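Peer 1:
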Amino acid sequence: MIKTLKTAAIVIAATLAMQSANAAEKMTYLFPAPDTLPAFAPFQIAKHKGYYADEGLDVRFQIGKGGADVAKQVAVGNADMGGGIGDTPIVTRANGLKVKGVALLGGQALTQIAVRRDAGIETAADLRDRAIGVLSFKDTTYYNLLAVLASAGLSKNDASVQALGPGGIIKLMISGDIQAMSGVPEWVAAVQAAGIEVDVWNINDIFPAIAQAMFASDATIARRPEAVQGFVNATLKAVREIQASPAQAASDYIAAVPSHQGKEAQITDILTRYTQLVYPTQAPLQLGQFDEARLKTVQDFYLHNDIVRTAVPIADTFTNQFVSN
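Count the sequence shown with mature numbering (1 follows the signal peptide of the UniProt record, and there is no 0) and you get residues -23 to -1, 1 to 302, in order.
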């Protein structure tokens, strides 16, 4: 009799677990680059620690081909949500793709300008005639560099700007073949790990660039607001954990992405940089919220520099409805 009851209990438990799994709403999230990059630590931590499951979501990660491609795939329904830089919808909506940002991963710029200390570059004006690396010429690292150059009355023609990809940027910064770069915290960490001293400029003091954002299409927002809300809640919960303790978050991240085993100190350093340079959000905004005036300034710059040809209503490029006040 006891054996029968135990067997029944096991069957019931298995059935309930299966029902729970079936009840979870499926969500596909598209990254703009390999999902093992530390920039995406909040997502990996949220999934590993069950935060998406707690929100009733069964999340699957996929990899796209840059932020613009992600926004396009999300807009046409090939992915439920995706990520890129918060100003990407300014470009995509001008092209008829109805996608918008639903939450930001921080209130500061994702990218910074890093200069080799031995190059004698102290101000933006000193970038004249220097070799500078960017990811590509259709990427925020390039657009933000243009803004930094413009702040000193310079244009792209006043420096040797090179599209190198992440590996090329790191390699040539270490060799000294480029003296500066526009890039993300982990690239700076890699250069410094090679023993190269660099100075990092927080470009928020020069240009109101934007952090990473989570995107959803207008259609998904209308049809599945609870799913979008749950994904935002879970991801921002992980961001707050990184802010509270980069070291503990690094441990959680490595557990989620075992390919980083043995790199605890390096990952802690990178997440600390995100906590200091990217995630801080100035009142009255709170973590996750967009600043309409900041986005408008970015759009005006993009129009002036022919990055986009058509202005779109800034209010259509984002929503703060999923970030509670």
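Note that the Cβ used here is the ideal one computed from N, Cα and C, for glycine as well.
Nothing here was measured: the structure is a model prediction, and the numbers come from that model.
Look up A(-3) in the DSSP assignment and say whether it is helix, strand or coil.
Peer 2: Within the sequence shown, residue -3 is the residue found at index 21, counting from 1. With a pLDDT of 47 at A(-3), under the threshold of 50, the modelled position of that residue is not reliable, and the figure given next carries that caveat. In this structure, A(-3) counts as helix in the three-state DSSP scheme.
Peer 1: K148 by DSSP, collapsed to three states: which one?
Peer 2: For the purposes of this step, residue 148 is identified with residue 171 of the sequence shown, where counting begins at 1. If DSSP states are grouped into helix, strand and coil, K148 belongs with the helices.
Peer 1: Whose CA, out of I22, D176, W178 and Q85, lies closest to the CA of A227?
Peer 2: Start at 1 with the first residue of the sequence shown, and residue 227 comes out as number 250. Nearest option by C-alpha distance: I22.
Peer 1: With respect to the beta strand (DSSP E) encompassing D35, which residues constitute its N-terminal and C-terminal limits?
Peer 2: The count along the sequence shown starts at 1 and reaches residue 35 at position 58. Where D35 is concerned, the enclosing beta strand (DSSP E) stretches over L34 to I40.
Peer 1: Within a Cβ cutoff of 6 Å, which residues of the same chain sit near A86, ignoring the five residues on either side of it in sequence?
Peer 2: Position 109 of the sequence shown, counting from 1, holds the residue named residue 86. I180, N181 and A186.
Peer 1: For A166, I'd like the list of residues in its chain whose CB is within less than 8 Å of its CB, leaving aside the five on either flank, ordered along the chain.
Peer 2: The residue you call residue 166 lines up with position 189 of the sequence shown. Excluding sequence neighbours, A166 sits near Q243, D246, I247 and R250.
Peer 1: Based on the DSSP output, what are the partners of T5 in its beta bridges?
Peer 2: The residue you call residue 5 lines up with position 28 of the sequence shown. Paired residue(s): R37.
Peer 1: Taking the straight line between their C-alpha atoms, what separation do you get for G153 and E163?
Peer 2: Walking along the sequence shown from the start, residue 153 turns up at place 176. Walking along the sequence shown from the start, residue 163 turns up at place 186. Going from the Cα of G153 to the Cα of E163 covers about 18 Å.
Peer 1: State yes or no: is the C-beta of I183 within less than 8 Å of the C-beta of I151?
Peer 2: Translated into positions along the sequence shown, residue 183 becomes position 206. Translated into positions along the sequence shown, residue 151 becomes position 174. Going by C-beta atoms, I183 is not nearer than 8 Å to I151.
Peer 1: If I'm right that A233 touches H25 with Cβ under 8 Å, what's the distance once you round it to whole angstroms?
Peer 2: Within the sequence shown, the letter at position 256 stands for residue 233. Within the sequence shown, the letter at position 48 stands for residue 25. Yes, they are in contact, since the Cβ atoms of A233 and H25 sit about 3 Å apart, within 8 Å.
Peer 1: Compute the distance between the beta-carbons of A56 and L34, then report whether it is under 8 Å.
Peer 2: One-based indexing of the sequence shown puts residue 56 at position 79. One-based indexing of the sequence shown puts residue 34 at position 57. Contact: no.
Peer 1: How far does the alpha helix (DSSP H) with S228 in it extend, from its first residue to its last?
Peer 2: To locate residue 228, count along the sequence shown from 1; it is residue 251. Counting along the chain, the alpha helix (DSSP H) containing S228 begins and ends at P223 to A233.
Peer 1: Can you tell me whether G84 is buried or exposed? The criterion is at least 16 other CB atoms within 10 Å of its CB, across all chains shown.
Peer 2: As a working mapping, residue 84 is identified with position 107 in the sequence shown. It is buried - the Cβ of G84 has at least 16 other Cβ atoms within 10 Å.
Peer 1: Exposed or buried, which one is S159 when buried takes at least 16 other CB atoms within 10 Å?
Peer 2: Residue numbering aside, residue 159 sits at position 182 when the sequence shown is read from its first letter. Looking at its Cβ environment, which holds 16 or more other Cβ atoms inside 10 Å, S159 is buried.
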